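A quick write-up on the structure given underneath.
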Amino acid sequence: MNPFRLLPLLIIFLLLNAVGRADAKVPALKAVQFQQYRLPNGLRVILSPDHSLPVASVCVIYDVGARNETIGHTGLANLFEHLMFEGSAHVQSGQHSQLIQCAGGYSDSMTHADYTKYYEEFPREQLKLALFLEADRMFSLRLTEDNFSKAREIVNAERREKHDLNAYDSTLVKLQQMAFTNFANSHSVIGTSEDLEKATFEDAKRFHATYYTPSNAVLAVTGDFDPAQIKTLIAQYFASKGLPSAPPPRVDNAEPMDSPIPPEKQQAELRLTRNALPYYYLAFRIPPESHPDFPAIVILSDILGDGNISRCGKRLVESGMATQENVRSYGRRGPTLLVFSAQAVGRDASLKEIAAGFAAEIRQIRQQPVTARELARIRNEERLSAVRSLRTVFLRCSSLATNEICFHDPNWMNTHPAVLQAVTAADVLRVARKYLTATNCVELSAR
Amino acid sequence: VTSTVKTNRRSRVALLAGAVGLAIVGGIVAFRSSIQTKLVDLRTPRSSAVPIDPQIPRVESVSGVSFPPVHRFRLKNGLRVMVLEDHRLPRITMRLIFPAGRIYESVPGTAEMTAAMLDQGTETRRAEQLADSIAQLGTSISWSSNQETATLSVTGLSEHTSDLLLFLSDMALHSRFPTDRFELKKRLRVANDITFQGASSLAQSVAVRALYGKNPYGFFPPTAGQIQSLQQADVIAFYDHHYRPNEAILAVAGDIDTRSLQKMVEGDLGKWTPSPQISLPSPAQFNTEGGANAPQVDLIDWAYDKQVYVSLQCLSVSYAGPDFFPLMVANRILGGGSTNRLREDLRENRGFTYSASSDFYALSRYPGIWHASATVPVENVEMTVRDIRTQMDRLGREPVSSEELMRAKNDLIGNSVRLLENPEDALNIAVNAQKAGLPESVYENYTKQIAAVTPADIQRVAAKYFQPGRVHIVVVGPRDKLEPVLTPLGTLHNFNKSGMPMF
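Residue numbers (the working numbering), protein chains in the order written: chain S, 7 to 453; chain X, 13 to 515.
So, in structure tokens, the structure goes:
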């Protein structure tokens, strides 16, 4: 054997060691296996059997969220999330959750800016029940004036009980409104109470006909089941309506990302309704999660602000200047924000020091590449995070369906971890210089 | 009190969760031994324009899973090690649990601050080095402290097990409590003290003190002033005495082989020296019945919202007694899960509130606390108290129907099957049983014991625990409006919005 044939390998080995162990081969996670198909009515189906525990999960996501709402009509997506529990042909109001619960499972739902998600997790024996319940409300929702008013009341109660109690609740929307010009990117999921008050039953019916169709939805099933049996059941429950309906209007969420944010919109103050510690926010516009720059932005925000060990954590929290800090990139289908935030120590504390602290770290990360050690740490963090995201049938089910909705690629959950691992110091430097600029940010002081 | 060094992970903007919360009742595990519950039938006859299938599929009975074995060994120095192997994913969770909770402290705040200082430097690693080395593995070690125990906890990739164990051991055996870090921690803790505290936790802290009376379980979380006056020497003495292997437990769940773990543990924690004096306080030191014999009303004057927080609170059970499982099922029927009697009454029938529920916790050897609560407008406070009271009495007076019982059990048993998805949660049940001095079979037979609860058991525990003299009414809302409403209900005690008594 020619010893020189090993030379390239040896060089690679040395190179890998030179840049730190993080680049050495790490064991890849076992990919989540799945199959996908489409029913004649357009419903996309994803199946991922796994027999390690006798549990299963069903997730239905409708491709509609707050982003689809227009001016004067906010809160409809969230209102529908509640309407979906108000009964269907065979199911009474509130009975959906009752049935799932007394079958030993749980069900829940959430409205996101980008989609609306319904899900159940349960002992495997109950799969038939869960599928039936999702199908029943997909095809025969009881859309009545009464139910509409009831859902509206529940949303109001929800606003009172959850949102009005959280002092910092409105800050993210405020930042979005400052940074973005497009309404699709800059209103709250729960909507305004004024919009909700004037929403009519006709609006609701139109919304339902447009978005709550099988061809605008994804059904995912994971866990302990036999795929052949489940396919038959899905055909029986979900294939009952003929052809795909017309696709809903495309969301135009374009932003003039290349134009500077007007200076008059770059700074604001927010009075907190509750007696809470002052909070400082600095937000930069960044592209959608599907953009090739996004993985490097994630690593950038981790290095800057994930935990007290991060750069901003050390500068602000470890020094006693802030009680907590965070730097976080919100993954969205449209233009979104990278948000720096920190809470002051003491009610009367100034936010100036915190602002200066963040500014110093931003200057630094725009000048020098991040270190190999920092990258190694974040890569381990991301690997652990990927492992954790696989731990329940529900988490796997939800990821498969969400990734189909957001990226048209359920397999994203299997490929994305490697993409994050491949981000280099040069990538991070490039996105830092590109996005962390003075004309691309907005600043909010809340006290 | 819990602190995690690592803060939020990046994630999608999840602004709204749905109508039904995910409520997992802590510590339940099911059995394959096929609890043959009857089928639950909640079908509603209804004609429809869009028939999919003539009827809702019947709810099948939940059969559960066989319980994964917990491997146990004990080091010469007394440390107990409990291992639940789960090789599905390359991760591991380790918890080191010390008998170092609030009940053992003589200076208020000592237990919490000792736990908080564990990551602030050891004999060979400064705080920054320690945090940095652990973070390099992509994780962090968090501490927590409650009435009974202090815990160090870490979840990481299983390839890092030996390193993580090394750091845990270093913190447990060689913490150094440097002055500058101690002062910084105190300052941050005091600053955090004024952050928003919800009505329910405020009510609970007042209830804890009222119900436990003068025994150590009634110790209030320390005030800012108490933290400020805490001395470094107090913390060091507490550490020397209570962070010892004798009564400590190392609980490990995940992708690990018990034999190789044993070698690592013997290497790192074998050198830990036991303390001869350490022992749990004996039950004789506790007056667990508290002081109240007549209904007592605790009013916390805080108009935190347009609504008023109403709760009824009483001492519950310990894991060790015979009433733990009956109370678990009784509570589920009264106010647990998303469908229960309180919700049915206060939400569906009265339309008072979106949130009516009850819950309880148990402690190792002493009673925990049970409470029912609802958030309602001022004008509905009196009716709400009466309604909750009526439902509590009814549970002691009438046997529950077999169907209601079955649904409750199905739910509790179903939760336990799902619990196995996170092996550290399943292991927690075994740890709680161990702490309570219960035999292994209690852990093994966990769901059998849920399934065995009868209507008579439920009546018995409801009558026993919900006696009027045992139950405190704790209300958070505006004093001027509530005083006239609450005075007829019992002896009124006023508290300010920091939970301090007002005279």
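C-beta: ideal position from N, C-alpha, C; glycine also. This structure is a prediction, so every number in the text was calculated from the model and none was measured.
Whole-Å CB distance - residue i paired with residue j, under 8 Å assumed
i: Val322 (chain X); j: Ser385 (chain X); result: 6 Å
i: Asn188 (chain S); j: Glu261 (chain S); result: 5 Å
i: Thr167 (chain X); j: Thr105 (chain X); result: 4 Å
i: Gly435 (chain X); j: Gly266 (chain X); result: Sequence inspection shows Pro at residue 435 (chain X); the Gly mentioned does not correspond to that position. Yes, Pro435 (chain X) and Gly266 (chain X) are in contact; Cβ-Cβ is about 6 Å, under 8 Å.
i: Asp312 (chain S); j: Val437 (chain S); result: Between Val437 (chain S) and Asp312 (chain S) the Cβ distance is about 16 Å, and since that is not below 8 Å, they are no contact.
i: Ala378 (chain S); j: Tyr174 (chain S); result: About 36 Å separates the two Cβ atoms, so there is no contact after all.
i: Trp382 (chain X); j: Cys326 (chain X); result: 6 Å
i: Ala368 (chain X); j: Gly347 (chain X); result: 7 Å
i: His96 (chain S); j: Ile68 (chain X); result: 5 Å
i: Leu354 (chain X); j: Ser370 (chain X); result: 6 Å
i: Gly408 (chain X); j: Gln308 (chain X); result: The Cβ separation is near 20 Å, so there is no contact.
i: Gly319 (chain S); j: Ala203 (chain X); result: Between Ala203 (chain X) and Gly319 (chain S) the Cβ distance is about 16 Å, and since that is not below 8 Å, they are no contact.
i: Val393 (chain S); j: Leu35 (chain S); result: 6 Å
Extent of the continuous beta strand (DSSP E) to which residue i belongs
i: Gly331 (chain S); result: Note on identity: in this sequence residue 331 (chain S) is Glu, with Gly being the wrong assignment. Element bounds for Glu331 (chain S): 328-335.
i: His172 (chain X); result: No beta strand (DSSP E) contains His172 (chain X), which DSSP labels as neither H nor E.
i: His414 (chain S); result: Neither: His414 (chain S) is in no beta strand (DSSP E) and is coded neither H nor E.
i: Pro389 (chain X); result: 381-389
i: Phe346 (chain S); result: 342-350
i: Arg92 (chain X); result: 92-97
i: Gln41 (chain S); result: 41-44
The ligand MN heavy atom lying under 6 Å from the CB of residue i
i: Asp267 (chain X); result: The ligand MN is absent from the structure shown, which contains no ligands of any kind.
Which listed residue (the options) has its alpha carbon closest to that of residue i
i: Phe337 (chain X); options: X:Glu436, X:Asn457, X:His254, X:Leu281; result: X:Asn457
i: Gly326 (chain S); options: S:Gln98, S:Gly363, S:Ala424, S:Leu310; result: S:Gly363
i: Gly340 (chain S); options: S:Arg50, S:Thr76, S:Gln98, S:Asp120; result: S:Asp120
i: Val393 (chain X); options: X:Phe189, X:Gln141, X:Ala374, X:Pro500; result: X:Pro500
i: Asn84 (chain S); options: S:Ala210, S:Ala444, S:Phe40, S:Tyr43; result: S:Ala210
i: Ser99 (chain S); options: S:Gly111, S:Leu82, S:Phe154, S:Thr80; result: S:Phe154
i: Met263 (chain S); options: S:Lys237, S:Leu278, S:Lys36, S:Phe290; result: S:Phe290
i: Pro389 (chain X); options: X:Pro286, X:Lys318, X:Asp310; result: X:Lys318
i: Phe346 (chain S); options: S:Val333, S:Asn172, S:Asp354; result: S:Val333
i: Leu431 (chain X); options: S:Phe128, S:Gly319, S:Gly78, S:Gly352; result: S:Phe128
i: Cys108 (chain S); options: X:Leu424, X:Arg201, X:Thr387; result: X:Leu424
i: Ala211 (chain X); options: S:Asn314, S:Leu450, S:Leu381, S:Asn172; result: S:Asn172
i: Ala139 (chain X); options: S:Gln370, S:Glu324, S:Ser194; result: S:Glu324
i: Gly150 (chain X); options: S:Val448, S:Arg439, S:Ser356, S:Gln427; result: S:Gln427
i: Glu203 (chain S); options: S:His79, S:Phe145, S:Leu249; result: S:His79
i: Thr443 (chain S); options: S:Arg148, S:Pro255, S:Glu367; result: S:Glu367
i: Arg148 (chain S); options: S:Leu105, S:Ala215, S:Gln183, S:Ala163; result: S:Ala215
i: Asp144 (chain X); options: S:Tyr112, S:Asn314, S:Arg402; result: S:Asn314
i: Leu311 (chain X); options: X:Phe364, X:Pro111, X:Met514, X:Pro102; result: X:Met514
Where the alpha helix (DSSP H) through residue i begins and ends
i: Ser154 (chain X); result: Here Ser154 (chain X) belongs to no alpha helix (DSSP H); instead the beta strand (DSSP E) covers 153-157.
i: Tyr441 (chain S); result: 431-441
i: Asn427 (chain X); result: 414-431
8 Å CB neighbourhood of residue i in its chain, flanking five on each side removed
i: Lys88 (chain X); result: Gly282
i: Ser115 (chain S); result: Glu87, Met90, Phe91, Thr122, Lys123, Tyr124, Tyr125
i: Leu225 (chain S); result: Leu49, Arg50, Val51, Ile52, Val64, Cys65, Val66, Glu140, Ile240, Phe244, Ala407
i: Gln42 (chain S); result: Arg50, Val51, Ile52, Leu53, Glu410, Pro416
Chain-order list of residues whose beta-carbon lies under 6 Å from that of residue i (same chain, five-residue window excluded)
i: Glu495 (chain X); result: none
i: Trp314 (chain X); result: Val488, Lys509
i: Thr126 (chain X); result: Val247, Phe250, Tyr251
i: Ile36 (chain X); result: For Ile36 (chain X), the predicted model reports a pLDDT of 27, less than 50, meaning its position is unreliable and no value from the coordinates is stated.
i: Glu135 (chain X); result: His186, Arg188
i: Gln238 (chain X); result: Pro120, Gly121
i: Val473 (chain X); result: Asp335, Pro338, Leu339, Ala342
Reduced DSSP category for residue i - H, G, I as helix; E, B as strand; rest coil
i: Lys50 (chain X); result: Note that Lys50 (chain X) has pLDDT 28, beneath the 50 cutoff, so the model's placement of it is unreliable and the number below is only indicative. Residue state, collapsed to three classes: coil.
i: Ser316 (chain S); result: coil
i: His96 (chain S); result: coil
i: Ala83 (chain S); result: helix
i: Phe85 (chain X); result: strand
i: Asn258 (chain X); result: coil
i: Val497 (chain X); result: helix
i: Ile485 (chain X); result: strand
Cβ-based neighbour list, residue i, same chain, cut-off 7 Å, excluding 5 preceding and 5 following
i: Ile160 (chain S); result: His88
i: Ala252 (chain S); result: none
Chain-ordered neighbours of residue i on chain B, where CB pairs are closer than 7 Å
i: Ala382 (chain S); result: Looking at the structure shown, chain B is missing, and the protein chains on hand are S and X.
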